[in-house]
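Protein chains in written order, with the working numbering: chain A, 1 to 84; chain B, 85 to 168.
Idealized CB from N, CA, C, for every residue including glycine.
Structure first, then comments.
Protein chains: 2
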Amino acid sequence: MGLLSNNLLQSQNHKTIMQTYTYNVKMTCGGCSGAVTKALSKMEGIDNVEIDMEKQLVAVSTSSVSKEDIFEAIKKTGKEVSPA
Amino acid sequence: MGLLSNNLLQSQNHKTIMQTYTYNVKMTCGGCSGAVTKALSKMEGIDNVEIDMEKQLVAVSTSSVSKEDIFEAIKKTGKEVSPA
């Protein structure tokens, strides 16, 4: 096989594993949860952000961003945050 | 004069000019304003943060951080922001 075929095979074999990380974030209104959603959604590599206001939880799905980098981004919103 | 004296003179002549920059920031509860205050207060070089919830204004005093860098930090909170 030539180089092109090899590259195509490698591309097909490369599996993207989606991870979901969950954090406790103190949010008191729709503005709070909206800000966290917006801040995280803007980040490159973030696929989904889900907020549970009642449980004060933020679940972030990604296949390329580390749990720590997401944690730092949430801290930059000014919200109290801890891993759930 | 020796090198040390020169350095001391330069240090004494260096004037620190405090600037206050103001931004329109959409905040709906105490958690929103608290998050903006916390995010900005954590930044090195920020001397004071004042919030006017009624006017939806944030005033930031600094002698070393640029207006643009503060703007970017507010954007990272996920809040809608524009220069006032």
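- For Val165 (chain B), the beta-bridge partners assigned by DSSP are B:Val109.
- 7 Å or more divides the Cβ of Val149 (chain B) from the Cβ of Val109 (chain B).
- Rounded to whole angstroms, the gap between the alpha carbons of Thr28 (chain A) and Cys113 (chain B) is 7 Å.
- Counting only Cβ-Cβ distances below 9 Å, Gly45 (chain A) has no contacts in chain B at all, with the closest Cβ about 16 Å away.
- In this structure, Ala35 (chain A) sits near Gly162 (chain B), with a CB-CB distance shorter than 7 Å.
- For Thr146 (chain B), the secondary structure class from DSSP, reduced to helix, strand or coil, is strand.
- Following the DSSP letters along the chain, one finds Glu68 (chain A) inside the alpha helix (DSSP H) bounded by residues Lys67 to Lys75.
- According to the DSSP secondary-structure assignment, Ile135 (chain B) is paired through a beta bridge with B:Val142.
- Counting along the chain, Thr37 (chain A) sits inside the alpha helix (DSSP H) bounded by residues Gly30 to Ser41.
- Close partners of Thr77 (chain A) in chain B (Cβ separation under 8 Å): Ala119, Ala123, Lys160, Thr161 and Gly162.
- Interface criterion met: the Cβ of Thr28 (chain A) is under 7 Å from a Cβ in chain B.
- Just so you know, the alpha carbons of Thr104 (chain B) and Ala73 (chain A) end up roughly 26 Å apart.
- Residue pairing by DSSP places Ile46 (chain A) opposite A:Thr62 in a beta bridge.
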